[in-house]
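In this note's numbering, the protein residues as written are 1089 to 1415. Note that CB positions come from ideal geometry on N, CA and C, so glycine has one too. Values in this document were obtained by computation on a predicted structure and should not be read as measured data.
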């Protein structure tokens, strides 16, 4: 429906380049929303993901920059990503531990953690983007996995044996960010729908008391859920770093609300116990298509916030109506 509307309203919306842009730009939001799905299904919420993304990107960029003068580029990238990932996981573990062990509401804990991460990120970066001076690093975040050529057909690399017009006919198909996001969608869908971890997550979201009586270690599992959310946000932060070759403390400032919106639009209940990874994928694409379509139509960027907020309210109202009808 949205695709048809924006195709008619704005020229170039259905071009291959624009569809690739939608997919690549949606990838970071989708990865954060995957972790948010586990949290919301369990009956919680994580408001720290946006600034966790920013902190991880800053930490990774800072480590890579320091090591670039003395170590080979691949080692710098691996160490930088590892340190950034570790920082993100520690933040997620702190969130989960306070929520599960000290019984502080998730809204309060993650909102407070948001401020902590924001402050640390700005302190480390000095309030400025931290550039990464590693040659060809941007290829990881801006390259493509699949290419199509009328000569060689579908390949996993850009054909280079041809020259002139033949090489220019090669079409890049699948951006690296989208490839990573779709791979994580498959993994998270399997975990949430086919494993004991996912079953426990739904059980806790349905009723913590019932889950505890069924023998589920609610506190330990809740901590792990917030670590999963932090893991996804950290991966998104690393993707941001390699895509834009810098770390920025407020890079994910707008993504926290959008990640919650994507999960809710996808059919999850803010009261827990309901939600799917496929729904989150649909919700993320809905937000990305709306945002991109409004840009194509030349609508003022500030109206994008109005549009996304309206969709959130409509999704919550639909969830409330469905709950009343079931009861």
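Would residue 1260 and residue 1232 be called neighbours here (beta carbons separated by less than 7 Å)?
yes
Buried or exposed: residue 1119, going by 16 or more other Cβ atoms within 10 Å of its Cβ?
buried
Taking the beta strand (DSSP E) that residue 1260 belongs to, which residues open and close that run?
1259-1263
Other residues of its chain near residue 1153: CB distance less than 8 Å, five sequence neighbours each side excluded
1218, 1219, 1220, 1221
Simplified DSSP assignment, three categories, for residue 1217
coil
Using only CA atoms, which one of 1343, 1359, 1150, 1285 lies nearest to residue 1141?
1343
With a threshold of 6 Å on Cβ separation, who are the neighbours of residue 1374 within its own chain once the five nearest residues in sequence on each side are excluded?
1353
contact_flag[the region 1361-1371, the region 1116-1131] where n(CB pairs < 8 Å) is 3 or more:
yes
Less than 7 Å between the C-beta atoms of residue 1347 and residue 1198, yes or no?
no
Short Cβ contact (7 Å threshold) for residue 1337 with residue 1147:
no
Looking at residue 1164 and residue 1156, is the spacing between their C-beta atoms short of 7 Å?
yes
Selected residue, minimal CA-CA separation from residue 1228, among 1291, 1201, 1161:
1161
Applying the 10 Å Cβ sphere with the 16-neighbour rule, what's the burial state of residue 1278?
exposed
Would you mind working out which of 1309, 1356, 1265, 1358 sits nearest residue 1326, comparing C-alpha positions?
1265
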